[in-house]
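Numbering (this note's numbering), first residue to last: 6 to 452.
And the structure:
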């Protein structure tokens, strides 16, 4: 096209300019609705000098050639495409096992929000009424009281479990054995022994499933996905904001008052896994937090744990308060943990002190979420501090991580092995408490 315009320009430039006695071509043709290119060009030449017009056309021509040359050099593998809805994998066909408080208030809203990731087709409960109520909040879900009927649903991809802790471990293997993905609520099991049995069974299932898409098992621990906690982990383990940590302090005050809806569930009031009670179910969050943030994943690290446990609230079964000292060898990191569920007000604080800085993480009182502050002094320079507020988002992100793992898009960090190590720390604290603070050793395989 540029060559054609240049040729027309040259042809027109050979014409003589109109004499002053003749009407100007622009005036002569001003009332004609259409002018051919050759008729317009003398007017263009009259208003613009020949040199400027030639330069513009040459520049356009060279620009066109250069663009075509650049495009021809781009390999096909480097071509860019805009993702479309067709590129996204279809939503997972999901069944909910459990229609209790947490399934209704936490799981269900996320599943409805991300209907492009999850298609809920079934809701199971031992009683039909709660199953029907929850199923009615989804577009195509049906209520069931027989788990075998749920697992026989054609093209069922995944199951999300929020069952009582003393019942859930018996459901996990039967689902995985059918090649169906599982997202089970934390903790992995009521005891480390049962958790190890479940993990060993899962490994045997994977060894017998000759499928490119094996059954995924994730244990829902939202602390591993909370934006504030992952940012704190990055600050210490990746950005080296505070240098080498050597001391930490954690306080967890979570009130479980007599009217607490979670505490008043039957399986929590009459736990079948000993005096650990509420700590087994709730304190795994703190364990996951410390394992996420502290640099204790070294192959040679061991932990010495000494804890004193006590009970102060009559309405809470088993232990409700714990004071723990932890020493990590040989990295010379130690800290203290104070945790209670017999308090009246919520409070959560973590402080980690390093060789050139301090990290402080706290739960907001006036709004949902966390506040993270880092004070850093490097190489004798003035303090470099930053702070940021984060909202809650761990449960939502853990669901998206599970979906991505099932669809083989990325790995999920909520593996059953991580959940087993979370529980091992809690169980070690409780064991030390039973023995008046005697040290319990956790070896590298349990950290």
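The C-beta atom is built at its ideal place from N, Cα and C for all residues, glycine as well. Please read all numbers here as calculations on a predicted model, not as lab measurements.
C-beta contact flag for residue i and residue j at 8 Å
i: residue 166; j: residue 102; result: yes
i: residue 258; j: residue 327; result: no
i: residue 457; j: residue 409; result: Not covered by the structure: residue 457. The range shown for the chain is 6 to 452.
i: residue 128; j: residue 93; result: no
i: residue 395; j: residue 233; result: yes
i: residue 291; j: residue 344; result: yes
i: residue 99; j: residue 126; result: yes
i: residue 5; j: residue 331; result: Outside the shown range of the chain, which is 6 to 452, sits residue 5, and nothing can be said about it.
i: residue 170; j: residue 246; result: no
i: residue 340; j: residue 248; result: no
i: residue 231; j: residue 438; result: no
i: residue 261; j: residue 321; result: yes
i: residue 403; j: residue 227; result: yes
i: residue 240; j: residue 338; result: no
i: residue 419; j: residue 229; result: yes
i: residue 193; j: residue 421; result: yes
i: residue 431; j: residue 284; result: yes
i: residue 139; j: residue 122; result: no
i: residue 329; j: residue 358; result: no
i: residue 255; j: residue 295; result: yes
i: residue 164; j: residue 187; result: yes
i: residue 299; j: residue 250; result: yes
i: residue 130; j: residue 150; result: yes
i: residue 435; j: residue 324; result: yes
i: residue 185; j: residue 400; result: no
i: residue 380; j: residue 388; result: yes
Simplified DSSP assignment, three categories, for residue i
i: residue 309; result: strand
i: residue 94; result: coil
i: residue 134; result: helix
i: residue 355; result: strand
i: residue 183; result: coil
i: residue 431; result: helix
i: residue 102; result: strand
i: residue 22; result: In this prediction, residue 22 scores a pLDDT of 41, lower than 50, which makes its location untrustworthy; the coordinate-derived value is nonetheless stated afterwards. DSSP places residue 22 in coil when its eight states are reduced to three.
i: residue 227; result: helix
i: residue 250; result: strand
i: residue 240; result: helix
i: residue 119; result: coil
i: residue 170; result: coil
i: residue 34; result: With a pLDDT of 34 at residue 34, under the threshold of 50, the modelled position of this residue cannot be trusted; read the value that follows with caution. Three-state DSSP puts residue 34 in coil, outside helix and strand.
i: residue 416; result: coil
i: residue 27; result: Confidence at residue 27 is low in this model, with a pLDDT of 38, below 50, so its placement is unreliable and the value that follows should be read with caution. Here residue 27 sits in coil by DSSP.
Limits of the alpha helix (DSSP H) - the one that residue i falls within
i: residue 155; result: 152-156
i: residue 459; result: Residue 459 lies beyond the stretch modelled for the chain, which goes from 6 to 452, so this question has no answer here.
i: residue 407; result: 399-411
i: residue 206; result: 197-213
Span of the beta strand (DSSP E) around residue i
i: residue 261; result: First-last for residue 261: undefined, no H or E at that position.
i: residue 390; result: 389-395
i: residue 193; result: No beta strand (DSSP E) contains residue 193, which DSSP labels as neither H nor E.
i: residue 329; result: 326-334
i: residue 274; result: That residue, residue 274, is in no beta strand (DSSP E); its alpha helix (DSSP H) goes 271-274.
Per DSSP, the bridge partner or partners of residue i
i: residue 147; result: 127
i: residue 165; result: 101, 188
i: residue 378; result: 365, 392
i: residue 340; result: 253, 331
i: residue 447; result: 308
i: residue 315; result: 326
i: residue 345; result: 258, 326
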